[in-house]
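Working notes, beginning with the structure itself.
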Amino acid sequence: MWRLGSNVFKEPVLRRIFLLAAGIAIFLPIYEFVVVYPKFTQSLLDTTELDALRVGRHLAGSVIKEKHGQIDRSVITPELIEDIGQIITDFHLIKIKIFTSSGEVVYSTDANEIGQVNRNDYFVDVVAKGRPFKKMVQKQGQTLEGKHTMNDVVEVYTPVLDRGNVIGAFEIYYDITDHKMVLDRLLSQSGANLVLMAVLLLGFIFMVLREAVRYISAKESAEERLLLSSKVMEHALDGVMITDQRAHIEMVNPSFVQLTGYTQEEVMGKNPRFLSSGRQTRSFYAELWHDLLGKGSWQGEIWNRRKDGAVYPEWLRISALHGRDHQISHFIAIFSDISRVKQREENLQNLAYYDALTKLPNRLLFRDRLKKAMSDARRTQSELAVMFLDLDGFKKVNDVHGHHIGDLLLQEVAQRIKSLLRDVDTVSRLGGDEFTVILSPSLPIQKEEHIIPVATKIIEELQKPFYLDSCCCLIGTSIGIGIFPRDADDLESLIKKADEAMYRAKENGKGQYQFAY
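Here the sequence shown stands for residues 127 to 643, numbered as in this note's numbering.
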């Protein structure tokens, strides 16, 4: 068995097929629980919300008919209570509450809650403004035997509108514990089936590979081995291209046709250079051929062009095949489109180094760039400046207008600061309403001639009104400035100096800059 596995992984195409099967075996169960399960759960929540809206519309008709313009305790009539009791039975509900527009409970199937006031953000910012809201929570229940249980409950808030005005709201509780248990059981069974399928797939692929290795071992001539390779490459997911010793194409597989857009008839006899995107230099190809002829193989990342003109990255491996006379008889190239891999790497890098809200470099990338800038300044015996900015009045904007406007404000602040700097400078967001600016090294930095105008322009620009979703916001900023190596000659000390200077600017009245000392 060990020798079989060793032989399998000596063959590049077979090794790729096995790795692909292993990847599928791992991917299927993960996909089940990461993608399918949340979708089923969301569907359950959406269905519950639709039922709640129907109940809410039904009850709203009774409430509005009873008393126009507002909801108070006077709308709670025996007929309404009887109607609610019937609805709870019909829809298998746990509880129904009725709120005034200010959040006071005027009716609840749990009498202890009458008179309480809901001041939660979601009620004030969503329900009281006429939009429904739902959330799934776990609440403690009790069985007939007296045992305590944790039940999955969906709370749905539906506002009551009378001629366009919010006059109150309903809160409707659904117990979805049984639904969740059924869903979990079905998904568990489905996950087990997927795991079984993956294991069977691995076993099947392994059997195919075993027979392929036995077939290869039975062949002695290079021609028979090439014939077998052609059979394998027909089913390979990677593109395969075989050329003669002069690099004229003799054979390509279906995946080559799919990846490049060229048919086999269009490429026969051509040199593969027609696929070149032009991104690689002559020295790149010279090094490629040097390794290929000297070592017998080359592999690496390369950019090629499809028939439709699209340029894409691929991972390419080229091997030289030798005949019985030990001379090169053919070249075989195996490649795969790695566009998705490159995109995934780029997305991961953005998540790691850039702020999701403003798209500016985050704290990690700021420190990295500052370290590099200090290294450049030290090498050229020049100076650089780092600014720490903290917004004045940002908390008030959040409190008055909400976090949505606060987020829009941070995005606009980022753009205004960025527009005032050179391409070689860096503006970052450390978190909250804290920003930093790195002014690239210059020889020497003059406070009056370079830094002060930049700091002044930033302060003036951020004092201008911000118009965001029909809101006008007024803020300012306080700036602390540290200069390397005047104020500190290491990263941590320089950051601390600039931060301390910023706090002095705050203490001295805000809306100004302070240099470190």
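Cβ coordinates follow ideal geometry from the N, Cα and C atoms, glycine included.
The structure presented is a predicted model; accordingly, all values stated were derived computationally and were not measured.
query                                                                                                                   : result
Cβ contact (3+ pairs, closer than 8 Å) linking the segment 260-267 and the segment 232-246                              : no
Rounded separation between GLN453 and VAL378 - CA only                                                                  : 22 Å
Residues of its chain near LYS396, where Cβ-Cβ distance is below 8 Å and the 5 sequence neighbours each way are ignored : HIS374 and ILE375
ALA627, buried or exposed, once every other Cβ within 10 Å from all chains shown has been counted against 16            : buried
Neighbourhood of ILE207 by C-beta, 8 Å cutoff - its chain only, sequence neighbours within 5 removed                    : TYR233
Buried versus exposed call for TYR639 [16 or more other C-beta atoms within 10 Å across all chains shown]               : buried
Cα-Cα separation between ALA295 and VAL253, rounded to whole angstroms                                                  : 7 Å
Inter-residue CB distance, LYS423 and ARG399 (contact presumed, cutoff 8 Å)                                             : Going by the sequence as given, residue 423 is Ser instead of Lys. Wrong, their Cβ atoms sit about 19 Å apart, outside the cutoff.
Coil, strand or helix - LEU270 by DSSP                                                                                  : With a pLDDT of only 48 at LEU270, under the threshold of 50, the placement of this residue in the model should not be trusted, and no figure is reported.
Within 8 Å, strictly: CB atoms of VAL366 and ILE428                                                                     : no
Sub-8 Å separation of ILE298 and ILE222 beta-carbons                                                                    : yes
Euclidean distance between Cα positions of LEU496 and LEU588                                                            : 24 Å
Terminal residues of the alpha helix (DSSP H) in which LEU95 lies                                                       : Shown here, the chain extends from 127 to 643; a query on residue 95 therefore has no answer.
Touching by the beta-carbon criterion (3+ pairs, under 8 Å), the segment 275-293 and the segment 173-185                : yes
Nearest-angstrom Cα separation, counted from LYS260 out to THR562                                                       : 39 Å
Beta-carbon separation (whole angstroms), SER381 vs ASP364, contact threshold 8 Å                                       : 6 Å
Entirely enclosed alpha helix (DSSP H) segments - the segment 522-573, minimum 4 residues                               : 529-545
Given 8 Å, three or more beta-carbon pairs between the segment 595-608 and the segment 524-532                          : yes
Residues sharing a beta bridge with ALA499, DSSP                                                                        : Note: ALA499 sits in no beta bridge, so no partner.
Test item: CB-CB of ILE585 and MET513 under 8 Å                                                                         : no
Three-state class that DSSP yields for ASN277 in the structure shown                                                    : strand
Same chain, Cβ closer than 7 Å to ALA624, neighbours up to 5 away in sequence not counted                               : VAL512, MET513, PHE514, GLY606, ILE607, GLY608 and ALA642
Where ALA295 sits in the DSSP three-state scheme                                                                        : strand
Beta-bridge pairing of LYS265 - partner residues as DSSP gives them                                                     : ASN277
Contacting residues, own chain, Cβ-Cβ under 6 Å from MET262 (five flanking each side not counted)                       : VAL280
CB contact below 8 Å: ILE464 versus chain B                                                                             : The chain inventory of the structure shown lacks chain B, comprising one protein chain alone.
Start and end residues, beta strand (DSSP E) containing GLY229                                                          : It is not in any beta strand (DSSP E) - GLY229 carries neither H nor E in the DSSP assignment.
Per-residue DSSP class, three states only, for ILE585                                                                   : helix
Pairwise C-alpha distance: TYR300 and MET276                                                                            : 14 Å
Cβ pair count under 8 Å reaching 3, the segment 616-623 against the segment 573-582                                     : no
Contact test: ARG505 Cβ vs the ligand FMN heavy atom, cutoff 7 Å                                                        : Of the ligands one can find in the structure shown there are none, so the ligand FMN has no counterpart to examine.
Nonlocal neighbours in the same chain, by C-beta distance under 7 Å from LEU418, ignoring five residues either side     : TRP424, ILE444 and ALA446
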